[in-house]
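Line order of the protein sequences matches chains Z and G. If you read the first sequence in the UniProt record's numbering, its first letter stands for residue 1, the second for the next number, and so on. If you read the second sequence in the UniProt record's numbering, its first letter stands for residue 1, the second for the next number, and so on. Shown next, in structure tokens, is the structure this report addresses.
Number of protein chains: 2
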Amino acid sequence: MSRYPDQARVFLAVDCIVFGFDGKQLKILLVQRALEPEMGSWSLMGGFVFANENVEQAAARVLHTRTGLSNVYLEELSTFSEPGRDPVERTVSVAFFALIDINKYKKQITDDFHAEWFDINKHPKLIFDHKQMVAKAKARLRYKSAFHPILFELLPAKFTLPQLKSLYEEVYNIEMDNRNFSRKILSMNLLEKLNEKDKENSKRGAWYYKMNSKKYKANFHAVATIIPNPDIYYS
Amino acid sequence: MSRYPDQARVFLAVDCIVFGFDGKQLKILLVQRALEPEMGSWSLMGGFVFANENVEQAAARVLHTRTGLSNVYLEELSTFSEPGRDPVERTVSVAFFALIDINKYKKQITDDFHAEWFDINKHPKLIFDHKQMVAKAKARLRYKSAFHPILFELLPAKFTLPQLKSLYEEVYNIEMDNRNFSRKILSMNLLEKLNEKDKENSKRGAWYYKMNSKKYKANFHAVATIIPNPDIYYS
DNA sequence: CCAAAAGTGTTACCGCTACACCCATGG
DNA sequence: CCATGGGTGTAGCGGTAACACTTTTGG
Numbered sequence: 001m002s003r004y005p006d007q008a009r010v011f012l013a014v015d016c017i018v019f020g021f022d023g024k025q026l027k028i029l030l031v032q033r034a035l036e037p038e039m040g041s042w043s044l045m046g047g048f049v050f051a052n053e054n055v056e057q058a059a060a061r062v063l064h065t066r067t068g069l070s071n072v073y074l075e076e077l078s079t080f081s082e083p084g085r086d087p088v089e090r091t092v093s094v095a096f097f098a099l100i101d102i103n104k105y106k107k108q109i110t111d112d113f114h115a116e117w118f119d120i121n122k123h124p125k126l127i128f129d130h131k132q133m134v135a136k137a138k139a140r141l142r143y144k145s146a147f148h149p150i151l152f153e154l155l156p157a158k159f160t161l162p163q164l165k166s167l168y169e170e171v172y173n174i175e176m177d178n179r180n181f182s183r184k185i186l187s188m189n190l191l192e193k194l195n196e197k198d199k200e201n202s203k204r205g206a207w208y209y210k211m212n213s214k215k216y217k218a219n220f221h222a223v224a225t226i227i228p229n230p231d232i233y234y235s
Numbered sequence: 001m002s003r004y005p006d007q008a009r010v011f012l013a014v015d016c017i018v019f020g021f022d023g024k025q026l027k028i029l030l031v032q033r034a035l036e037p038e039m040g041s042w043s044l045m046g047g048f049v050f051a052n053e054n055v056e057q058a059a060a061r062v063l064h065t066r067t068g069l070s071n072v073y074l075e076e077l078s079t080f081s082e083p084g085r086d087p088v089e090r091t092v093s094v095a096f097f098a099l100i101d102i103n104k105y106k107k108q109i110t111d112d113f114h115a116e117w118f119d120i121n122k123h124p125k126l127i128f129d130h131k132q133m134v135a136k137a138k139a140r141l142r143y144k145s146a147f148h149p150i151l152f153e154l155l156p157a158k159f160t161l162p163q164l165k166s167l168y169e170e171v172y173n174i175e176m177d178n179r180n181f182s183r184k185i186l187s188m189n190l191l192e193k194l195n196e197k198d199k200e201n202s203k204r205g206a207w208y209y210k211m212n213s214k215k216y217k218a219n220f221h222a223v224a225t226i227i228p229n230p231d232i233y234y235s
């Protein structure tokens, strides 16, 4: 018997907006839903929260189970709780957004559902309110990455500045000056230059860098105006 | 019978961190809990989410019921979902923070519990994880108001720039230059000067201003660095 | 040697900070 | 007429944007 006899219980789920970057486009990872209602429709990665875990642990578990990845960038977005959002039972979902290196993602053998990357601007119809979740996640990504150096989470451990610049250009749909961009990023003192160049994309080659994760963690809340007028992107 | 037979349901609640400003100190509004467990202990304003409302509506309702206020600034903070946070039943709470004009608050006659303002840095022991909620709300308030002109929500409809400056000084525990502060705030073009001065706090008197709510809404996402180095306050 | 991308150096400008100074008025 | 808080003017500094120019190397 409940100790709160007058109150109703709800189902609690998490959904993850998983971002990836293929070098040209910003992508999201979608799956085909494995249970009714709407079985087979495209959906965000999600799942119910277990009795012994909090929502963040649930999101990390779902992500790990379905992508094989752990220690990914994961941030709570917001709660979606419209009474009718799930047509068959009242289910409240806490949405998280995740940033992963698209190359590290390997489809799990044990998966009994499809997962696929889609261009964020051109994805199939999604179940429930997942379209809203994606829109909100995109807005948050733009807002946050205008101030905080989080986008490198979408790149491999070693990456070049031109790669990072392309990523910013894709996220904000702008063109940036490569010369000023390099200086601005390097002036944050978070990157370490490696003794290796990427020669695939240019003749001269671009130096590889890696994030100094100690400094990154220490300065995680550092605010830098990487993008001018960030507000105009937060629609 | 549930359509998700293998899943457990949880209780869903909201809790509100209600900020106020008395001219000198930043305050939060606490109540004495009206139900078991921990009946009588100090707590944030909260309540269960009804079947016909989403969490934001629930937070607004709780606030309205217990303070008489509507149309207050209300923003989702995050979800608190540790399995054992409520010792008797699994209850997940979505925390919201609210900014209100402390003068508008009137204790409701119908209240069967105490509500009281406390200095944010010196409040009684709180139930469950409410202390964490308060800490997180304070951090978010600092972070957000460093970029967005939201703090005026804590002041009366007409206010002076010295009042607003005191508020910023209290929130960030810094001293600001009144001359530069005025210019910075006014350069956002969100305030309208009234034909009236506050003569209570100085001989010369300070002009009253009011927020132009049309411009405020239109520019809500405008980012201005009201506070230098905002990151150092986001602990 | 040319094209194309990476990266450096330099300049002009803008916005912010610091602070000298003026304003208004109650006592 | 002076003390006090409100407010304006302005000079200097630092960071950013713009862009001419150099470097590198495959074809």
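Beta carbons: idealized from backbone N, C-alpha and C, even for Gly.
query, result
"Give the single residue among G:P87, G:L164, G:S93 and G:H114 whose Cα lies nearest to the Cα of V49 of chain G.", "G:S93"
"Apply the 10 Å Cβ neighbour rule to K125 of chain G and answer buried if 16 or more other Cβ atoms are within range, or exposed otherwise.", "exposed"
"Using a threshold of 9 Å, state whether the C-beta atoms of L141 of chain Z and F19 of chain Z are closer than that.", "yes"
"For a cutoff of 9 Å on Cβ pairs, would you count Q7 of chain G as touching chain Z?", "yes"
"Check whether the region 48-64 of chain G and the region 38-56 of chain Z are in contact - that is, three or more C-beta pairs closer than 8 Å.", "no"
"Compute the Euclidean distance between the alpha carbons of P162 of chain G and E170 of chain G, then round it to the nearest angstrom.", "12 Å"
"Can you find the residues in the same chain that come closer than 8 Å, C-beta to C-beta, to I185 of chain G, ignoring five residues on each side of it along the sequence?", "P149, L161, L164, L191 and I226"
"If the cut-off is 7 Å on Cβ atoms, which residues from the region 71-86 of chain Z count as contacting chain G, listed in chain order?", "E76, S78, T79, S81, E82 and P83"
"Closest to V14 of chain G by C-alpha separation, out of G:W117, G:V88 and G:M133, would be which residue?", "G:M133"
"Check the Cβ-Cβ distances between E170 of chain G and every residue of chain Z, and say whether any is below 9 Å.", "no"
"Do the CB positions of A95 of chain Z and L74 of chain Z come within less than 9 Å of each other?", "no"
"On the DSSP letters alone, give me the boundaries of the beta strand (DSSP E) that S93 of chain G sits inside.", "T91 to L99"
"Keeping to the same chain, check which residues put their C-beta closer than 6 Å to that of H114 of chain G; ignore five residues upstream and five downstream.", "Q32"
"Under the three-state reduction of DSSP, which class applies to L194 of chain G: helix, strand or coil?", "strand"
"Would you please state the rounded distance, in angstroms, between the beta carbons of K104 of chain G and L69 of chain G? I believe it to be under 8 Å.", "6 Å"
"Compare the C-beta of I109 of chain Z with all C-beta atoms of chain G and state if any pair is closer than 9 Å.", "Summary for I109 of chain Z: the model assigns pLDDT 49, below 50, so the residue's position carries little reliability; its value from the coordinates is reported in the next sentence. Output row for I109 of chain Z: interface = no."
"For A206 of chain G, list the residues DSSP reports as bridge partners.", "G:D198"
"Compile a chain-ordered list of the residues in the region 90-101 of chain Z whose CB is closer than 9 Å to at least one CB of chain G.", "R90, T91, V92 and V94"
"Give the residues of chain G in contact with F11 of chain Z, contact being defined as C-beta atoms less than 9 Å apart.", "S2, Y4, Q7, A8, R9 and V10"
"Find the nearest neighbour of A206 of chain Z within the set Z:F152, Z:N212 and Z:N178, judged by alpha-carbon distance.", "Z:N178"
"Can you find a CB in chain Z that lies within less than 9 Å of the CB of V88 of chain G?", "yes"
"Taking the alpha-carbon positions, what's the L167 of chain Z to F159 of chain Z distance?", "11 Å"
"May I have a chain-ordered list of the beta strand (DSSP E) segments no shorter than 3 residues that lie completely inside the region 139-200 of chain Z?", "158-160 and 191-198"
"Which residues in chain G have a C-beta closer than 8 Å to the C-beta of A51 of chain Z? List them in chain order.", "A8, P83 and R90"
"Put A60 of chain G into one of helix, strand or coil per three-state DSSP.", "helix"
"Determine the chain Z residues that contact F48 of chain G at a beta-carbon separation under 9 Å, and present them in chain order.", "Y4, D6, Q7 and A8"
"Output yes or no for whether 9 Å exceeds the beta carbon distance between T65 of chain G and T79 of chain Z.", "no"
"Would you kindly work out how many angstroms separate the C-alpha atoms of Q7 of chain G and A135 of chain G, rounded to a whole number?", "32 Å"
"Would you mind reading off the limits of the beta strand (DSSP E) that contains K214 of chain Z?", "Counting along the chain, K214 of chain Z falls outside any beta strand (DSSP E), though it belongs to the alpha helix (DSSP H) covering S213 to A218."
"Answer yes or no: does any C-beta atom of chain G fall closer than 9 Å to that of V55 of chain Z?", "yes"
"If you check the beta carbons only, do S81 of chain Z and L12 of chain G fall under 9 Å apart?", "yes"
"With DSSP as the reference, label K136 of chain Z as helix, strand or coil.", "helix"
"Could you check whether the Cβ of P149 of chain Z sits closer than 9 Å to any Cβ belonging to chain G?", "no"
"From E153 of chain G to D101 of chain G, what does the alpha carbon distance come to, in whole angstroms?", "7 Å"
"With a 10 Å radius around its C-beta and 16 neighbouring C-beta atoms as the bar for buried, classify V10 of chain G as buried or exposed.", "buried"
"Does L35 of chain Z come within less than 9 Å of chain G when only Cβ atoms are used?", "yes"
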